[in-house]
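In our numbering, the protein residues as written are 116 to 285.
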């Protein structure tokens, strides 16, 4: 087979040919004009192969705080495992937050604490508690001020069996 050398081939670009044939506009406008209208929607493709079954939902670990979770750095967790922050304070804003481990970091999912519930009815009165132990004897009180001298009469029963009072004499 023999090679044929044609030398340098020169000619107009497609854009230059379009301008020669009456197109007026920039090369970018010409390129944009090459895009036609969207075609009709294609047929539904065949269904793909079913993927492997996902993991069951399970909270693998609970932590007392976000700091405790962060310090654990995913120890004992696999990609996709769920963890929960369970503080002892229901007013703690981190309480009931759920995260997932993505293999390298924790990803926040949602706060599972929910909205404040409605106020419940008052419960019945409780039973009387047992009497407590006797307290210690209190301290002796201060001595009162001296009273005024009083004169007291006498009482006696007379011969008739009556109680008789006799006023004191000075």
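C-beta atoms are modelled at their ideal positions from N, C-alpha and C, and glycine is treated no differently.
Measure from the alpha carbon of residue 194 to the alpha carbon of each residue in 159, 217, 167 and 254, then state which is nearest. As a working mapping, residue 194 is identified with position 79 in the chain shown. Comparing Cα positions, the closest option is 217.
In three-state terms, what does DSSP make of residue 281? As a first step, residue 281 is located in the chain shown; it is residue number 166 there, counting from the start. In the structure shown, residue 281 sits in a strand (DSSP, three-state: E or B).
Have a look at residue 267 and residue 258 and give me their C-alpha separation to the nearest angstrom. Position 152 of the chain shown, counting from 1, holds the residue named residue 267. Position 143 of the chain shown, counting from 1, holds the residue named residue 258. Going from the Cα of residue 267 to the Cα of residue 258 covers about 24 Å.
List the residues that DSSP assigns as beta-bridge partners of residue 130. As a first step, residue 130 must be located in the chain shown, where it is residue number 15. Bridge partners of residue 130: none, in fact.
Could you pull the DSSP bridge partners for residue 226 from this structure? The count along the chain shown starts at 1 and reaches residue 226 at position 111. For residue 226, which the question treats as bridged, DSSP gives the partners 212.
Decide yes or no for the touch test of the stretch 217-233 against the stretch 185-200: beta carbon pairs closer than 8 Å, at least 3 of them. yes
Is it buried or exposed for residue 198, if we count other Cβ within 10 angstroms and need 16 for buried? Residue numbering aside, residue 198 sits at position 83 when the chain shown is read from its first letter. Label assigned to residue 198: buried.
According to DSSP, residues forming a beta bridge with residue 138: Against the chain shown, residue 138 aligns to sequence position 23. Per DSSP, none; premise fails for residue 138.
For residue 172, I'd like the list of residues in its chain whose CB is within less than 8 Å of its CB, leaving aside the five on either flank, ordered along the chain. Taking the chain shown and counting its residues from 1, one reaches residue 172 at position 57. Here the set comprises 197.
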